[in-house]
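Trainee: Read left to right, the sequence shown gives residues 0 to 172 (numbering that gives the first Met the number 0).
For every residue, glycine included, the Cβ atom is placed at its ideal position computed from N, Cα and C.
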Amino acid sequence: MRRWLSLGVALALVLTALSPTAVLAAKPAPFFATGIVTGMTPGNLIVPAGNSGNWRVGEREVSGIFLPVPGAAIAGPFAFTYDGVFDLATQSGNFHGTLAAGPNKFSVNGKVEPAGYAPDGSMLVKLTGHWTGHAGIKGVGTFEGVPFLIIDPVTGHVVGMTLAVTMTGSYQP
Numbered sequence: 000m001r002r003w004l005s006l007g008v009a010l011a012l013v014l015t016a017l018s019p020t021a022v023l024a025a026k027p028a029p030f031f032a033t034g035i036v037t038g039m040t041p042g043n044l045i046v047p048a049g050n051s052g053n054w055r056v057g058e059r060e061v062s063g064i065f066l067p068v069p070g071a072a073i074a075g076p077f078a079f080t081y082d083g084v085f086d087l088a089t090q091s092g093n094f095h096g097t098l099a100a101g102p103n104k105f106s107v108n109g110k111v112e113p114a115g116y117a118p119d120g121s122m123l124v125k126l127t128g129h130w131t132g133h134a135g136i137k138g139v140g141t142f143e144g145v146p147f148l149i150i151d152p153v154t155g156h157v158v159g160m161t162l163a164v165t166m167t168g169s170y171q172p
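Rendered as structure tokens:
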């Protein structure tokens, strides 16, 4: 009986040693993607956030394309659906949402800060934040971009933007 138990333990150890543990121990690979915004919906909810002068924006979708540049981890169309609270005068604020690009899904948290004005007078802001890949690509990283905002002169709300965004980080291949 002891012999069978010893043989079973030895066999289990050998099979464990031969299993594809290299896959489990793989080092994270660098992640890089860059894309451009091609559209923006009006959003399902844009309402004042109390008497703060801020506005709550809900379920707004930004669409675009990740470019097939050398070294990019993903390429193709994307959709980013977000909620946020923003100051009307500066367009600064915080946002969170989900970025979908093919089979890849990312949770995104970020902020918008004023970055000045372009020579034509259009407002510039800086987008920065963090992403976590939780479907398809599994990883973490940061993103940044400086969009040219298109502001409705009557309401003061963003109605469109031109933006190049870059995501960097690491993921488990």
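(1) By DSSP, does T165 sit in helix, in strand, or in coil?
(2) Between P67 and the rest of its own chain, which residues show a CB-CB distance below 6 Å, the 5 nearest in sequence each way excluded?
(3) Rounded to whole angstroms, how far is the Cβ of L123 from the Cβ of G144, which I believe are closer than 8 Å?
(4) If you run the structure through DSSP and keep just helix, strand and coil, what is A100?
(5) Under the rule that 16 or more other beta-carbon atoms within 10 Å means buried, what is Y116, buried or exposed?
(6) Tell whether a beta-carbon distance below 8 Å holds between G96 and D86.
(7) So T141 packs on G132, CB below 8 Å; how close in whole Å?
(8) Considering only C-alpha positions, which residue in the set T37, G101 and T33 is nearest to A134?
(9) With the cut-off set at 8 Å, would you say P76 and S169 are in Cβ contact?
(10) List the whole-angstrom C-beta distance separating G57 from N43, where the pair is believed to meet the contact cut-off of C-beta under 8 Å.
(11) Considering only the alpha carbon of each residue, which of H156, F65, M166 and T167 lies closest to R59?
(12) Apply the 10 Å Cβ neighbour rule to V164 and answer buried if 16 or more other Cβ atoms are within range, or exposed otherwise.
(13) Pull up the distance between the alpha-carbon of G70 and that of G34, whole angstroms please.
(14) Ends of the beta strand (DSSP E) at V46?
(15) Within the continuous beta strand (DSSP E) that includes T37, where are the two ends?
(16) Which residue's Cα is closest to the Cα of V139: R55, S51, I149 and S106?
Mentor: Working from what's here:
(1) Against the sequence shown, residue 165 aligns to sequence position 166. T165 carries a strand assignment under DSSP once its states are collapsed to helix, strand and coil.
(2) Start at 1 with the first residue of the sequence shown, and residue 67 comes out as number 68. Cβ neighbours of P67 within its own chain (closer than 6 Å, five residues either side excluded): A74.
(3) As a working mapping, residue 123 is identified with position 124 in the sequence shown. As a working mapping, residue 144 is identified with position 145 in the sequence shown. Contact doesn't hold; Cβ gap of about 11 Å is too wide.
(4) Along the sequence shown, one-based indexing puts residue 100 at 101. Strand at A100.
(5) Start at 1 with the first residue of the sequence shown, and residue 116 comes out as number 117. Flag for Y116 reads exposed.
(6) Counted from its first residue, the sequence shown places residue 96 at position 97. Counted from its first residue, the sequence shown places residue 86 at position 87. No; because the gap between Cβ atoms is not below 8 Å, this pair is not in contact.
(7) Within the sequence shown, the letter at position 142 stands for residue 141. Within the sequence shown, the letter at position 133 stands for residue 132. 13 Å between Cβ atoms; not a contact.
(8) In the sequence shown, residue 134 corresponds to position 135, counting from 1. When only C-alpha atoms are compared, the closest one is G101.
(9) Locating residue 76 in the sequence shown gives position 77, counting from the first residue. Locating residue 169 in the sequence shown gives position 170, counting from the first residue. One thing to note: P76 has its Cβ no nearer than 8 Å to the Cβ of S169.
(10) For the purposes of this step, residue 57 is taken as the residue at position 58 of the sequence shown. For the purposes of this step, residue 43 is taken as the residue at position 44 of the sequence shown. Right, their Cβ atoms sit about 6 Å apart.
(11) The residue you call residue 59 lines up with position 60 of the sequence shown. For the set H156, F65, M166 and T167, the Cα lying nearest the Cα of R59 is the one of H156.
(12) Position 165 of the sequence shown, counted from the start, is the residue given in the question as residue 164. Answer is buried; the Cβ neighbour count reaches 16.
(13) Position 71 of the sequence shown, counting from 1, holds the residue named residue 70. Position 35 of the sequence shown, counting from 1, holds the residue named residue 34. For G70 and G34, the distance between alpha carbons rounds to 13 Å.
(14) Position 47 of the sequence shown, counted from the start, is the residue given in the question as residue 46. Start and end: L44 to P47.
(15) Working through the sequence shown from its first residue, we reach residue 37 at position 38. T37 -> beta strand (DSSP E) spans A28 to M39.
(16) In the sequence shown, the residue the question calls residue 139 occupies position 140. Among R55, S51, I149 and S106, the Cα nearest to that of V139 belongs to S106.
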